[in-house]
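Accompanying notes for the structure given below.
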Amino acid sequence: MQRSRIAVIGGGIAGLSAAWILQTRHQVQLFEAEPELGGHAHTVEVPDPQGHTAIDTGFVVYNERNYPLLTRLFTELDVPTQDTDMSFGYSRQPAGVEYAGSDLNTLFAQRRNLVRPTFLRMARDILRFNRLGKGLFERGESPEGTLGAFLARHRLGRGFTEDYLLPMAAAIWSCPPEEIREFPAASFLQFFHNHGLLDLRDRPQWRTVVGGSREYVQRLAERLEPGSVIHQPVRAVIPDADRWRVLTHDQAAGFDAVVFACHANTARWLLNKADPARERLLAACRFQPNRAVLHSDPALMPRSRRVWSSWNYLSGRSTQARDSVSVSYWMNRLHRLERRQDYIISLNPWREPHPNHVLGEQHWEHPVMDTPADKARQRLAATQGENNLYFAGAWMGYGFHEDGLRSAVSIGRSLGIEPPWSCPAHPPMQTARQPGSAIHGGAAAPAHAPPAQSRSA
């Protein structure tokens with residue numbers, strides 16, 4: 108096979124994996140705008156009376172059932188991991204509603220909930236929603252329309268919707284609760300089914316990386332060819348005869364193919380009107396900006412410590428005014444930290460933590476998984492490889508680490524390249540290029556107009 112020059116833009120899980128896979132047969136250059144690789148895999152060290160503590164501020168957990176590619180990758184890289192839990196807590200103030208889903212004791216942490224009709228109806232609706240979802244899959248049916256329409260059609264109560272389902276989904280996708288209503292019902296229920304969220308038992312065992320996700324990033328980066336990483340933001344990607352020219356602030360290099368392993372909005376900006384059809388699809392893939400604050404202020408956790416969970420949805424406003432998601436992650440529980448100090452990451456805190464407790468801040472963008480984005484991703488997947496352009500990232504799937512890795516593996520397989528580690532088969536992402544095809548000239552092929560960075564997912 109002819110050895111081609113390939114640019115990979117973005118050094119998150121998708122870009123790092125794509126570069127490692129593709130370099131086995133091609134010359135690969137990876138561009139990362141940030142000083143560090145990893146994208147949403149970002150670990151910080153905070154001073155601690157017992158030394159220093161490593162805490163993840165982006166990617167934190169995975170499980171072997173739903174992350175088979177990531178599990179194999181971690182095994183290949185000898186990444187140390189440990190069990191954790193994904194308990195969910197809820198606190199709505201000033202109404203004073205609090206509960207957690209760990210067991211009956213935490214579900215009824217507020218004993219008055221044992222006799223509150225609205226709370227008991229919520230509990231019944233949880234069971235009914237689970238039965239509805241499981242019944243659909245048992246019958247091989249797929250609901251049409253949005254999640255909001257599905258909830259209304261089955262008359263699931265307001266308490267269930269606003270005090271359970273939307274907050275839980277908002278915590279999972281780091282997305283405002285009202286945006287969740289616009290998710291496609293079929294893919295939403297599929298995700299809940301796959302992750303055991305429609306079951307009260309037999310849920311997957313979650314795991315976290317010992318020492319933080321930087322452990323896998325460092326190991327993966329060491330597998331890349333020396334000198335193949337450039338820490339400069341890409342300014343533009345422009346067609347150049349039958350190739351592509353990648354521009355940074357001080358150089359312009361030619362490549363036979365480009366893998367956009369960055370967010371859709373970044374890829375659209377880089378193409379800059381060179382491919383209007385694709386850019387319209389990229390524009391449909393929206394992202395939600397989120398602010399993550401690392402702190403130790405217990406005021407950003409449920410009032411009752413009995414309710415404290417790994418993920419805690421918090422609201423200091425009325426249910427009608429939830430225009431953003433506010434979640435606090437209890438990192439001591441997620442990372443199994445044996446520390447006296449509580450470490451908390453609050454996403455879009457509904458009130459600011461005390462300045463004396465603030466340890467750091469990070470800004471992220473998370474994909475909005477609504478119906479227009481779902482349709483656009485499917486159409487983008489069908490164009491993979493056209494004019495030697497590819498798109499990768501967690502946003503090409505459900506928005507998680509496994510999706511980013513799967514997108515990279517799919518691109519490699521469409522070019523006849525298997526991952527350099529033992530990797531299970533999975534349904535391939537649809538691509539325009541047939542598996543095993545070689546990269547060839549075509550950036551300005553007559554059949555297609557020439558296709559035309561926050562941290563990479």
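Using the numbering used here, you'd call the opening residue of the sequence shown number 108 and step up by one each time. Every residue gets a Cβ at the ideal spot worked out from N, C-alpha and C, and that includes glycine. Just so we're clear, the structure is a prediction, and the values are computed from it rather than from any experiment.
Secondary structure within the segment 216-304: the alpha helix (DSSP H) runs of 4 or more consecutive residues, fully enclosed, are 224-245, 254-260, 273-280, 284-287 and 292-301 (chain order). Nearest Cα to residue 450 within the set 362, 182, 403 and 511: 403.
Distance between residue 198 and residue 270, taken at the CA atoms: about 9 Å. Counting of Cβ neighbours within 10 angstroms places residue 385 among the buried residues, the total reaching 16 or more. By the neighbour-count criterion, in which 16 or more other beta carbons inside 10 Å mark a residue as buried, residue 248 falls on the exposed side. When rounded, the separation of the alpha-carbon atoms in residue 366 and residue 124 is 11 Å. For residue 326, the enclosing alpha helix (DSSP H) has its first and last residue at 321-328. Sorting 501, 412, 440 and 392 by C-alpha distance to the C-alpha of residue 483 places 392 at the top. For residue 372, the enclosing alpha helix (DSSP H) stretches over residues 371-378.
For the 8 Å CB-CB criterion, residue 335 and residue 216 do not form a contact. Taking C-alpha positions only, residue 491 is separated from residue 518 by approximately 8 Å. DSSP, reduced to helix, strand and coil, places residue 181 within a helical segment of the structure shown. For the pair residue 115 and residue 144, the CB atoms are not nearer than the 8 Å cut-off.
Residue pairing by DSSP places residue 207 opposite 196 in a beta bridge. Per DSSP, residue 346 is one residue of the beta strand (DSSP E) stretching across 343-347. For residue 506, the closest C-alpha among the options 277, 193, 359 and 263 is that of 277.
Per DSSP, residue 122 is not a residue of any beta strand (DSSP E); the alpha helix (DSSP H) it occupies stretches across 120-129. Per DSSP, reduced to three states, the secondary structure at residue 509 is helical. In the pairwise beta carbon analysis, the segment 331-345 is classified as not touching the segment 465-475: fewer than three pairs are separated by under 8 Å. In this structure, the CA atom of residue 525 is about 25 Å from the CA atom of residue 361. Residue 296 sits away from residue 509, with the two beta carbons spaced by 8 Å or more.
127 is the residue among 109, 349 and 127 whose C-alpha sits nearest the C-alpha of residue 331. Taking a cut-off of 8 Å for Cβ pairs, the segment 429-447 and the segment 186-201 touch, as three or more such pairs fall below it. Within the segment 452-533, the runs of alpha helix (DSSP H) at least 4 residues long that lie entirely inside it are, in chain order, 478-489 and 508-521. Residue environment for residue 421: buried (at least 16 other C-beta atoms within 10 angstroms of its C-beta). Here the alpha carbon of residue 122 sits roughly 20 Å from the alpha carbon of residue 359. Inter-residue distance for residue 528 and residue 175 is about 12 Å (C-alpha atoms, whole angstroms). By the criterion of a C-beta distance shorter than 8 Å, residue 323 is surrounded in its chain by 148, 180, 181, 184, 186 and 316, once the five residues flanking it on both sides are discounted. If you look at residue 440, you'll find it isn't in any beta strand (DSSP E); it sits in the alpha helix (DSSP H) that goes 438-441.
DSSP links residue 160 through a beta bridge to 153.
Along the segment 386-430, the alpha helix (DSSP H) does not occur as any fully enclosed run of 4 or more residues.
Straight-line spacing of the CA atoms in residue 319 and residue 168 works out to 10 Å.
Under the three-state reduction of DSSP, residue 359 is assigned to strand.
In this structure, 432 is the residue among 415, 417, 416 and 432 with its C-alpha nearest to the C-alpha of residue 423.
Nearest to residue 478 by C-alpha distance, out of 356, 195, 294 and 372, is 294.
Secondary structure note for residue 170: its beta strand (DSSP E) is the uninterrupted segment 168-170.
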